[in-house]
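First comes the structure, then the notes that go with it.
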Amino acid sequence: MTTTTATPSGAVDAGQPVVVDPGRRRRLRHSSRPESDERTAVSVAERRRPGIRIGLGTLHLLLLILLILWGVGPLLWLLKAAVTPTQDTLQAPLAVFPHGWDWNNVVAAWTQVQIGTQFLNTVWVALGSWFVQLLVATTGGYAIAILRPAYAKVVNWLVLATLFVPGVVLLVPLYLTILHPPVIGHSLIDTFWAVWLPAGANAFNVVLVTRFFQSLPHEIFEAARTDGAGPFRLFWSIVLPMSKPIIGVVSVFAIVNAWKDFLWPRLVLTNPAVQPLSVRLPNIQSQTDLGVFLAALAISMVIPIALFLGFQGMFLRSAGLGGAVKG
Amino acid sequence: MRIDSAALLVKDPELREVPDVVGPGEHPTEDRDEIHDIYRGWRAVADTYPGTRVLVGELWVPDIDRFVQYLRPDELHTAFNFDFLARPWDAAELRASIDATLAAHAPVHAPSTWVLSNHDVTRPVTRYGRADSSFAFLDKRFGTPTDLDLGTRRARAAALLTGALPGSLYIYQGDELGLPEVEDIPRELLQDPMHYRSGGVDPGRDGCRVPLPWSGDLPPYGFSTGAVSAAPWLPQPASWARYTVQSEAADPRSMLALYRAALRIRRAEPLGDGPFAWLDDAPEGTLAFRRGDAFLSITNLAGHPVPLPAGELLLASDELGQAADGSRELPRLHGVAPSTAASHGEPSPEKGKTMKSPRTVGAAVLALTALAGVAALSGCSSSGDQPANGQVAITVASLIPGSSDDAFKQFNQRVKEFEKANPDILVKPVEYQWTGPTFSAQLAAGTLPDVFNVPFTDSKSLANAGQLADITSEVKKLPYAGRFNQSLLSVAKNDSGDIFGIPYGPYAYGLSYNRDLFTKAGLDPDKPPTSWDEIRTDAKQISDKLHIAGFMVFTSGNTGGWALTEQTYARGGRMEVTKDGTTTVTADNEQTVDALKFLQKMRWDDDSLGSNFNLDWSGMNQYFGSGQTAMYPSGSDVLTSLVQQNKVDPKDYGLALIPTEGTGSGVLSGGNVAVVAPNASKAEQQASVKWIDFYYMQKLLDKKSAIADAKSLVANKQPVGVPQLPIFDKKQLDTSLGWIDSYINVPKANVAAFQNGIFDQTIIPEPAKHTQELYGALDSVVQAVLTDKNADITALLKGVNTQVQALIDADAK
Amino acid sequence: MTAITTRPSAGRDPALRRRRRRTPLSWLRRGGLSNLVFLLPLLVIFGVFSWGPIVESVVMSFQRTNFVVTQWVGWDNFAALLRDPLVPTAVLNTGWFALLALIFGYPIPLVVAVLMSEVRRARGLFSALAYLPVVVPPVVSVLLWKIFYDASPRGVFNTILGWVGIPPQPWIQSAATAMPSIVLEATWAAAGGTIIIYLAALTSVPPELYDAAEIDGAGIRHKIWHVTLPQLRPVLLVTFILQIIGTAQVFLEPFLLTFGGPANSTLSILQLIFRYAFQNSIGVDYGKATALSLLLALFLALFSFVYFRITKAWSDD
């Protein structure tokens, strides 16, 4: 039996050959693969030449320095300014702690400006949006890709069509819909639902999940069906557990987008008690002392950055995948 | 020559979908009729070679009649018999398979083939030791209970059974050693893609692909020899030392020995060709058949021993037992079929039994969501306190968001005083700031506070549009209803004269300045500039000395146009002129041009306007409050905001008059109107007017109220004595200020210049038509002048004319 | 193996097909209800919050409303748009932003990504550094850069410029420099994402192509020009059109940094829509707002269509 067909010939899915390269398979299994067995424009042989090596090395060093200045510089400044007395920041913004540091601004940001409330609001908004998006994407993707009722194709096409509609078109009518939602009597303005529910209408997620479900091996489902699994059981016990990767990707997108969202929450969350950070911060800029404001900014960026540093792999893979899927 | 995937050589050229019901030859990828032509060609080629070149097909074709089509004399010689392989250890099943195979092969005169397993199938030693001893790809799971002992015995029996059947015998490598299926290969070493594609559920086929053990006690058991140090691609279990060829060859009771003996007999008889007949009176549950007259094969698949017929025993797979009467008997195969919870069709045991039915979990989630939803939705209409019976609850606008805690405390104090005096009314304060869009949205949504405020510029149009509550009767009940300054009150009326609100807090434009910065720059803070030229020189001095903006004006958020209008009025110009009912926009009037030229010179020649030119109302207040500008024209009531939001100390604050020069010059005025939401009920309207009267009016009319208000302001560190204009008349204003004289904490001298001089000024109301759009358009002009050295003032102003005129003209249509 | 256990044996007559009568009962039995249940969240959410509003927006562009009265005004809104001098301003500004963003934000990430793809060790560090600004919430970035852009000599950037003897710049205080300043901030915040996408594409170039090129004697520059870039073409084409679509709808940066100023020089189309709908004092003009958003959407749709046609022609070469 050769390795070019993965299934025994003649079995049900003989139409799905999988080309398996043993070397590649081994690489996929280990989490950190050495980059040395990748291949890019500059070959191994060329690298050995001193001219190339030095040139490349210098370029890389320069790049590293630039990236540090570019990526981290402004953020480091913000952190520094958050614990610097306001006067120092105003007079000599680039000096480093000319009069020592001072936690007052951070404390004031947390207590007076009550960043804590908005911080919590941001978390709520993110969680709710995440849940609604997952719910819609997984159940919808499941129905379209696996259950496949007759009208699934139409629904899929309708969902895809919204990908081509720029968000701007939705702004006003969506606002009016939130003001006068169907069925529910009164407006959803200043409730989290106004942000959670529209977040679910994300065609990108549905496309990602549908494609993923379509790539799952269907023998498993047929086998499960033969064994008497109904659609709910199939979804809960088989499809979902197999979908952890795509759920991860969708979650990263959902949470990051919810954390960043500005225009829509600004429109529908006018009460400071429910506003997330992204809305509140610009509103209070004029009323807040610069140092305190900078401290508030710094607090706002701590969580996303911490999440990023902790889950770098997932973020970067999602970012790369985003490009691939759009392609 | 073994032909892999022998039924799949030909595909449907149109690559159609697999139909729900597949007729013979209708499958798009398997067993299509054109294949036979190919094999006829191959057979012809094979036949040209000397000797017999055997073509063996790997054929998974369930339909036995179609299966044997491949074995016709001019096609393949033989093919694997997978039907037999997949059958469970059951006499009836195996007999059916044997019968079917023999029957089907007969017409084509092809030899039947017999095989127990291959590289895709669980090894018989393991398979026959399971409760379900058939084979199905999709039923493979981890952790299926196995009785190896039982399986081995059965496999030994199967070896002899297949060895005795007519046709070709195939033995899968390792079966002759009785190797068990290896089921504990570490997951990360599994290689079978079937395992991965199933998401880890299917153990895959690696278990039967572990390299053979040849010799020795330790892996790799001689599989790799000599200089080769690499481990085989799948690890061999440590327990395989007893399965090595070496050790089995030395053991007469091993599987290897059994197979060798069986093969010797098979060749000797011979059993490949020859007759075959079932024994008629064989015991139940056995497979017994003759091969000719001299050979008999019996396999006991029953759960009990069976008597052995007479004859010479050639070979037995197990020890014979002894019946009660001493005759020999074929023992039943020992072992109880293992009971298993993981019966065919249940999910793999790894899933765990604590898993709830998805339906109940789903239902629980839905219920929770629904509950949360109801709670959230109901939350938007409930408030902290609920009115008791007979009480009326109203929401009232309190302060601008971002006001200091102290300011809120003071407001709440006043609320308590009101509630004490009016036990039948419950007041709920809400932060509120008037902006057009918020108002529209709240109006549409019905979530306006019952009492809120709108600026003078908008109250009339709102009243005319029916977007405010008509409170004429309530206002008329007030004792001072007739004493209002009529021009102020008219702002709160619609065109028919009905009253929709009560004006309060009228202001006029003044020049706010920072006394402390004045002193620092060497200027006398008690002598603020009194002419535009003085403003210019003072500003230059301040900016030269202190490197800040000596003077600055609003520029964005519609306040740029607002401030520019004031600067126009101060020179005697007008932005809009109404004659005979038609309004013409006159933004390019001489005085506005002068005002802009003035700013231009200060910006580009003197550089006394600083470097930040994008300031709206709150931005400018912050700019001033943080000491980045020393002077700016503002509303005369701005001190309250400066204290509440920008932490300005009234001692450092000064308010002077804006210089007025030229005929027709005056001061821009404005104010707020306290209004009631249009959807308020009658009772709520009455309560609202009571509140307005209490909070906004009484401190001007009643000594006790004035003192109470002043007291609470002082207690909460709010400014008392912020300059005001009269709602009724100057006398009333003076009287009210007299009452609270001792509480005034804004240094009177600081605001004297304005407070004393304003009553000699002509008060000019804001332009009437499309005020906000006019202001917005003028914003860009001011910004252009301040950021572009070559701004063409006249052209820009003419552009404003056109733009706003179009709006006004559109109204008339 | 399902081939054995589920296929009908030769004995059954394949011509005997059970006719399926489509009745509600048979629909239920076929699992029609559970199909619907699973699709329900998607249908409801998309229906109410996506498809409905899209249709509504088309309808609204032909209406005028003030929440008390709604009336049909036909093409009036579109005509008013054509008359409004702010519309061409916004269009030009948006185009200018898109162009600047393309110049800064398109090729530079490519160069960086190519360099990064050659890094052998610690590429993760480079990736993380490049991506860090993308993770910062945009509001924080914009407000931070607003402070950086303080035009006084003591502003952060002006101080840095002062170190190398350059006089203080007006940054967002002058019409000429405001838009480039906005683009600079936007690029800072977004380039990392583009870099990562390019990097992912770069590392999946089949190595045989490089080997083949080397055999033909290609040097590094040749390889990049003739192998890397052509392989990247699909990704480059897609990111190009995505960038255009994204920059055409820019809102946050000009809104928070300059509020459209100075003198409307940074007023973007989306800001104008926002102003029509949400910033007039009382008379919110939803009709004009939806009309303008429709026009923008149509333009982008047309642009994408033409773009895909052209690029398809290229790819087919």
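Protein chains in written order, with our numbering: chain V, 119 to 445; chain F, 4 to 816; chain W, 2 to 318.
Note that beta-carbon positions come from the ideal geometry of N, C-alpha and C, so glycine has one too.
Provide the residue span of the alpha helix (DSSP H) that contains residue 208 (chain W), from first to last.
Taken as a continuous stretch (DSSP letters only), the alpha helix (DSSP H) holding residue 208 (chain W) covers 208-216.
Residue 469 (chain F) touches chain V at which residues, Cβ-Cβ below 9 Å?
The contacting residues do not exist; residue 469 (chain F) stays about 19 Å from chain V at best.
Does the Cβ-Cβ distance between residue 162 (chain F) and residue 261 (chain F) come in under 8 Å?
Cβ atoms of residue 162 (chain F) and residue 261 (chain F): closer than 8 Å.
Could you name each continuous beta strand (DSSP E) segment of 3 residues or more that falls completely within the region 509-585 of chain F, going from the start of the chain to the end?
Segments of the beta strand (DSSP E) lying fully in the region 509-585 of chain F: 579-582.
Cβ-based neighbour list, residue 159 (chain W), same chain, cut-off 6 Å, excluding 5 preceding and 5 following
Residues 169 of the same chain have their beta carbon placed closer than 6 Å to that of residue 159 (chain W), with the five preceding and five following residues left out of the count.
Measuring only the C-alpha atoms, how far is residue 106 (chain W) from residue 522 (chain F)?
50 Å
Quick check: residue 64 (chain F) and residue 80 (chain F), are their CB atoms within less than 8 Å of each other?
Contact: no.
Name the chain V residues whose beta carbon is nearer than 8 Å to that of residue 155 (chain W)?
Here the neighbours are 208, 209, 210 and 211.
Please return the same chain residues whose Cβ sits closer than 7 Å to the Cβ of residue 451 (chain F), not counting the five positions on each side in sequence.
445 and 680
Nearest to residue 621 (chain F) (by Cα), restricted to the options F:573, F:688, F:599 and F:644:
F:644
What residues in the region 669-700 of chain F bring their beta carbon closer than 8 Å to a beta carbon of chain W?
Listed by position along the chain: nothing, the set is empty.
What are the residues of the region 344-360 of chain V that lie near chain B, defined by any Cβ-Cβ distance shorter than 8 Å?
Absent from the structure: chain B. Protein chains present are V, F and W.
Measure the alpha-carbon distance for residue 766 (chain F) versus residue 433 (chain F) and round it to whole angstroms.
33 Å
Please check if any C-beta of chain F sits within less than 8 Å of the C-beta of residue 84 (chain W).
yes
Is there a C-beta anywhere in chain V that falls below 8 Å from the one on residue 434 (chain F)?
yes
Mind checking the region 609-621 of chain F against chain W and listing, in chain order, the residues whose C-beta falls within less than 9 Å of any C-beta there?
Among the residues of the region 609-621 of chain F, those with a Cβ less than 9 Å away from any Cβ of chain W are 613, 614, 615, 616, 617 and 619, in the order of the chain.
With distances taken between CB atoms, is the gap from residue 514 (chain F) to residue 605 (chain F) smaller than 8 Å?
no
Residue 374 (chain F), buried or exposed, once every other Cβ within 10 Å from all chains shown has been counted against 16:
With a pLDDT of only 34 at residue 374 (chain F), under 50, the local geometry of the prediction cannot be trusted, and no value is derived from it.
Residue 181 (chain V) touches chain W at which residues, Cβ-Cβ below 9 Å?
Within 9 Å Cβ-Cβ: 113, 116, 117, 120 and 127.
Assign residue 274 (chain W) to one of three DSSP states: helix, strand, or coil.
helix
If you draw a straight line from the alpha carbon of residue 399 (chain F) to that of residue 322 (chain V), how long is it in whole angstroms?
44 Å
Taking the alpha-carbon positions, what's the residue 115 (chain W) to residue 96 (chain W) distance?
For the pair residue 115 (chain W) and residue 96 (chain W), the Cα-to-Cα distance works out to about 28 Å.
Classify residue 318 (chain W): buried if its beta carbon has 16 or more other beta carbons within 10 angstroms, exposed otherwise.
At residue 318 (chain W), the pLDDT of 47 sits below 50, so the modelled position is not reliable; the number obtained from the coordinates is stated separately. That one is exposed.
If you measure from the beta carbon of residue 273 (chain V) to each beta carbon in chain W, is any gap under 8 Å?
yes
Near-chain F residues of the region 161-176 of chain W - C-beta to any C-beta below 8 Å:
169, 171, 173, 174, 175 and 176
If we count Cβ pairs, one from each stretch, closer than 8 Å, do we get three or more for the region 191-203 of chain V versus the region 372-389 of chain V?
no
Counting only Cβ pairs nearer than 9 Å, list the residues of chain V close to residue 549 (chain F).
Ordered by position in chain V, no residue passes the 9 Å Cβ test against residue 549 (chain F), which lies about 13 Å from the chain.
Out of curiosity, what's the CA-to-CA distance linking residue 131 (chain F) and residue 158 (chain F)?
Cα to Cα, the separation comes out at about 7 Å.
Identity of the residue in F:115, F:236 and F:682 nearest residue 222 (chain F) by Cα
F:236
Quick one: give me the first and last residue of the beta strand (DSSP E) that residue 13 (chain F) is part of.
Counting along the chain, residue 13 (chain F) falls outside any beta strand (DSSP E), and DSSP gives it neither H nor E.
Alpha carbon of residue 172 (chain V) to alpha carbon of residue 166 (chain V), nearest angstrom
10 Å
Taking the alpha-carbon of residue 213 (chain V) as reference, which of W:59, W:142 and W:156 has the nearest alpha-carbon?
W:156
Under DSSP, the beta strand (DSSP E) around residue 397 (chain F) begins and ends at which residues?
395-400
With residue 784 (chain F) and residue 456 (chain F) assumed to form a contact (beta carbons below 8 Å), what rounded beta-carbon distance in angstroms separates them?
With 8 Å as the limit, residue 784 (chain F) and residue 456 (chain F) do not qualify as a contact, their Cβ atoms being about 29 Å apart.
I'd like the list of long-range same chain contacts for residue 113 (chain W), defined as Cβ closer than 6 Å, with 5 residues on each side in sequence excluded.
Only residues of its own chain outside the window of five on either side were considered, and among them 196 have a CB closer than 6 Å to the CB of residue 113 (chain W), listed in chain order.
Consider the Cβ of residue 307 (chain V): report whether some Cβ of chain F lies at a distance smaller than 8 Å.
yes
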